[in-house]
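J.: Quick one: the structure is below, questions incoming.
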Amino acid sequence: MSTKSSDSKFFLLGILLLLPYIIISHNVYNYEIGQEVVISGEVTRANERYENYQRIEVTTKDKGKFSIATRGDVEFKKYDLVSGTIEIEDVGGNYNFNLLNREHYFFIKNINSSAVAFDLNKNDNPSLIKNLKSKFIYDVISSVDKYFSLENRGIVKKLILADGNNIDDDIEGIYQEGGLAHLLAISGLHIFIIIGVLEFLFIKMGIKYNIRFTIVFFILTLYGFILDYPPSVSRAMLMFFIREISSIYKVKITSTSVIYIACIILLTVYPKWLYDLGFQLSFISVIGISIFYKKLGVNKDNLLLNSLALYVSVSILLFPLLAYYFNNFNPFSLVANIFMTPIISFVLVGIYLGLIMENFFSIGGILLKIVDFILEGSNFYLEQIVSFSDFRLKVFYPSILFIIIYYLFIFILSNRSLSKIVYRNRKIIGVSISLVILALLISNSGKSLYLGFFDVGQGDSSYIMYKDIYIQIDTGGSTYSSYNPGEEVTVKGIIKRGIDKIDILILSHFDEDHTGGTEMLLDKNLVKNIIINRKESGNETFESIINSKAKIYYPIENTPLIIDRDLKIEFFNVKPGEYKESNDSSLVVLITYKDKKILFTGDASYNIEDELAEYIGYIDLLKVSHHGSESSTSENFVYSIRPKYSIISVGKNNSYGHPSKKVLKNLNNVNSKILRTDLEGEIIFKIDNKISYKTYKNPQGFGTDMGLQIFSVIIFITTLIQIKKNEELDEIRRI
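Using my numbering, the letters of the sequence shown map in sequence onto residues 950 to 1684.
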């Protein structure tokens, strides 16, 4: 048995043994919404204040960990001791397909409840170690602010302190578009640069190996402590420790074994890290290097080929994860990585040396100024590379099943004996895969229309997907906090679905809870055509529309927009100048697909709805106006249109009391099926000859294609049986 095969089996066995522990390792504290809890604990994370609002995370000794929204004049910082009474609130957040939500974050971070507090007592932490740590971080930040430009301060703080709060959004966007976001995150690269510099200096000083190892490990441990041991740093430190200890005690151990042992140790201590993106990317990167780097033919004398081999080795294994989390790939990222990696490496060395010397020699400050100049130049050239290569491949959102199959395929290819079996049976395997793909294409060849409603809280954001056409109706938003679901849900949700262009964006009116994501969509040049009901001078969203590349259209009554013979869009209430109330200026949209009718009324009141009722007739789906407010959806209107389904986009536990009991009663009186985003999360309808739907809380609503599943299982079993027969025949021939 090969060493690599043994390593793989050891790793898989370790993960399987850990899985039950990982799944159940969450401290359970039963708190109810509205319950008041007296706490005393330490601030472990403090976000920036927004006006008089700040969210902090507090860990207590006996009551768990809380994410607390504080209101008042007191600003909290990390390591502060706090005490007082908090009120448990709903976790909140969004519940949309393919998007992470707060519950997932709470699970990973072991946070037990979300809460609100209006009066928390704050005390300084008496711990000498934590005070020294805070002072050290403060001194580093002061030096960075002193020697670096405003643009570069955020980069440097993120590079050496993992503090991304102050990084410029435009700069961060350039790094992300260039496929270089990993260079700004503290990772194994940073740790091995530190190790390399220290080893070089200590060797030149003639320090013995054992002493070198002890000093280096102490410095790394201290640095990890300052950063609170993020996953990538912990991985790099532990791998260094295992490798050096095995070398000291002359124990032979493969690099693959080092990776697997480090992974299992860290998951034993921090089981939730299995779900952490940084942990996943860090380990998969080094596994990719260990498997493919040498196989790609390393040339010691060619730095360019070595960099290319390293990049490809990492990318092979990272591809499905990058598709899953980010949904795009910049083909020019290879050029950007080759250009920027050595620069960032030099910058890191310069920052570390400059900060150390700055307290003792004036040359330290000069070195930091030189680093600032280099960063300015590299940022400029990086921006040129990214703007020149303004082309990103939109990657589909892979399912968990696809990711498993992908890694299984890579595992087979990297295993010599398994790859030989696959090669010998390539014909039967190829035919089987082709049959399953053909069956999948046939099962999805229908021309259904998909109608979706994002969960954007107290706002509206809906979409239609039909053939290769994408139509967005309103974009969500918020008028009461720094969190903008229009950007966090609508924009990210569209990108997650692999949509690179919105063919038509329809805005019902210019209230922020309907337009919050519009400016970002326009900034990303995602909108081809936009339909609005009227000009809104002085409105930021309207000004963004005017200044964008999107074509603007104003609808005309009795002039439907014909998409094809099955789909048309009609517009009503297209004389908004007659209404003083913003809600009554809402554009009313009637969509007809074959014999099915869908009505969107924006925030229009019953005055507008009742005027239109006689023209609309019976409908199949109603997007209920104004989040179910009592000012809309009157009894007369509901009886006139008799919707089979009524969708209410509304925020959970909102302060307006939406949806109104009266509206719910009106809809129930005509036996309309009511679906609410606050209860169901995102809602998606599939419309063809019949109407079916699924929700975030009930994702199997469309049902499953049982015939396709049975066919795939039969093909799989038949293929395995045939491969077994072929291998037995080959064995007989060899004998």
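Even for Gly, the Cβ is constructed at its ideal location relative to N, Cα and C. As the structure is a computational prediction, the values presented were derived from the model and not from experiment.
From what residue to what residue does the alpha helix (DSSP H) around Val1296 run?
T.: Per DSSP, the continuous alpha helix (DSSP H) segment holding Val1296 begins and ends at Ser1282 to Glu1307.
J.: Ile1494 and Asp1452 look like a contact to me (Cβ under 8 Å); what is the Cβ gap, rounded to whole Å?
T.: Not a contact, Cβ separation roughly 16 Å.
J.: Label Val1065 either buried or exposed according to how many other C-beta atoms from any shown protein chain fall within 10 Å of its C-beta, with 16 as the threshold for buried.
T.: exposed
J.: In the structure shown, what three-state DSSP assignment does Tyr1054 receive?
T.: helix
J.: Does DSSP put Thr1508 in a helix, in a strand, or in coil?
T.: coil
J.: Measuring alpha carbon to alpha carbon, tell me which residue in Ile1197, Pro1180, Val1537 and Val1146 is nearest Ile1160.
T.: Ile1197
J.: Please return the same chain residues whose Cβ sits closer than 7 Å to the Cβ of Thr1439, not counting the five positions on each side in sequence.
T.: Phe1403, Val1405, Ser1410, Thr1424, Gly1425 and Gly1466
J.: Rounded to whole angstroms, what's the CA-CA distance from Asn1647 to Gly1113? Just pull it up for me.
T.: 36 Å
J.: Using only the alpha-carbon positions, how far apart do Gly1435 and Gly1313 sit?
T.: 45 Å
J.: If you compare alpha carbons, which of Tyr1567, Gly1155 and Ser1581 is closest to Lys1610?
T.: For the residues Tyr1567, Gly1155 and Ser1581, the minimum Cα distance to Lys1610 belongs to Ser1581.
J.: CB-CB under 6 Å to Val1573, same chain, minus the five flanking residues each way: which ones, in chain order?
T.: Thr1582, Ser1595 and Ile1597
J.: What does a CB cutoff of less than 7 Å around Asp1533 pick up in its chain, not counting 5 residues either side in sequence?
T.: Ala1553, Ser1554, Asn1556 and Ile1557
J.: Let me know if Met950 comes out buried or exposed under the rule of 16 or more other beta-carbons within 10 Å of its beta-carbon.
T.: Model confidence at Met950 stands at a pLDDT of 45, short of 50, so the residue's coordinates are unreliable; what they give is reported in the following sentence. Exposed.
J.: Starting from the Cα of Phe1167, find the closest Cα among Leu1108, Ile1143 and Lys1027 and give me that residue.
T.: Ile1143
J.: Are the CB atoms of Asn1101 and Leu1030 nearer to each other than 8 Å?
T.: no
J.: Under a three-way DSSP split, which group does Thr1019 fall into?
T.: strand
J.: Less than 8 Å between the C-beta atoms of Leu1223 and Leu1187, yes or no?
T.: no
J.: Report the partner residues of Leu1030 according to the DSSP bridge assignment.
T.: DSSP lists Glu991 and Asn1072 as partners of Leu1030.
J.: Hey, which unbroken runs of the alpha helix (DSSP H) at 4 residues or more fall wholly within the stretch 1160-1220?
T.: 1180-1197 and 1204-1218
J.: Using the three-state DSSP reduction, which class does Arg1004 fall into: helix, strand or coil?
T.: strand
J.: Hey, how far is the Cα of Lys1673 from the Cα of Ile1666?
T.: 11 Å
J.: Around the Cβ of Lys1396, are there at least 16 other Cβ atoms within 10 angstroms (buried) or fewer (exposed)?
T.: It counts as exposed.
J.: How would you call Gly1145, buried or exposed, if buried means at least 16 neighbouring beta carbons within 10 angstroms?
T.: exposed
J.: Give the DSSP-derived three-state secondary structure of Tyr1419 in the structure shown.
T.: strand
J.: Do the stretch 1265-1277 and the stretch 1081-1098 make contact, defined as three or more Cβ pairs closer than 8 Å?
T.: No: fewer than three Cβ pairs fall under 8 Å.
J.: Is Leu1548 helix, strand or coil by DSSP?
T.: strand
J.: Determine the closest residue to Gly1299 out of Phe1310, Ile1422, Phe1309 and Leu1316, with distance taken between C-alpha atoms.
T.: Leu1316
J.: With H, G and I counted as helix, E and B as strand and the rest as coil, what does DSSP make of Ile1413?
T.: strand
J.: In whole angstroms, what separates the C-alpha of Ile1164 from that of Lys1157?
T.: 11 Å
J.: Give a yes or no on contact between the stretch 1360-1374 and the stretch 1001-1008, applying the rule of three or more CB pairs nearer than 8 Å.
T.: no
J.: Suppose contacts are defined by Cβ-Cβ distances below 8 Å. Is Ile1135 in contact with Pro1179 by that definition?
T.: For the pair Ile1135 and Pro1179, the CB atoms are nearer than the 8 Å cut-off.
J.: Can you grab the Cα-Cα spacing for the pair Asn1474 / Val986, in whole Å?
T.: 47 Å
J.: Considering only the alpha carbon of each residue, which of Asn1522, Ile1323 and Lys1071 lies closest to Tyr1096?
T.: Ile1323
J.: Helix or strand or just coil, what does DSSP make of Ile1597?
T.: strand
J.: Leaving out the 5 sequence neighbours to the left and right, which residues in its chain are closer than 8 Å to Ile1681 when beta-carbon positions are compared?
T.: none
J.: Could you tell me the alpha carbon to alpha carbon distance between Thr1217 and Ala1211, rounded to whole angstroms?
T.: 10 Å
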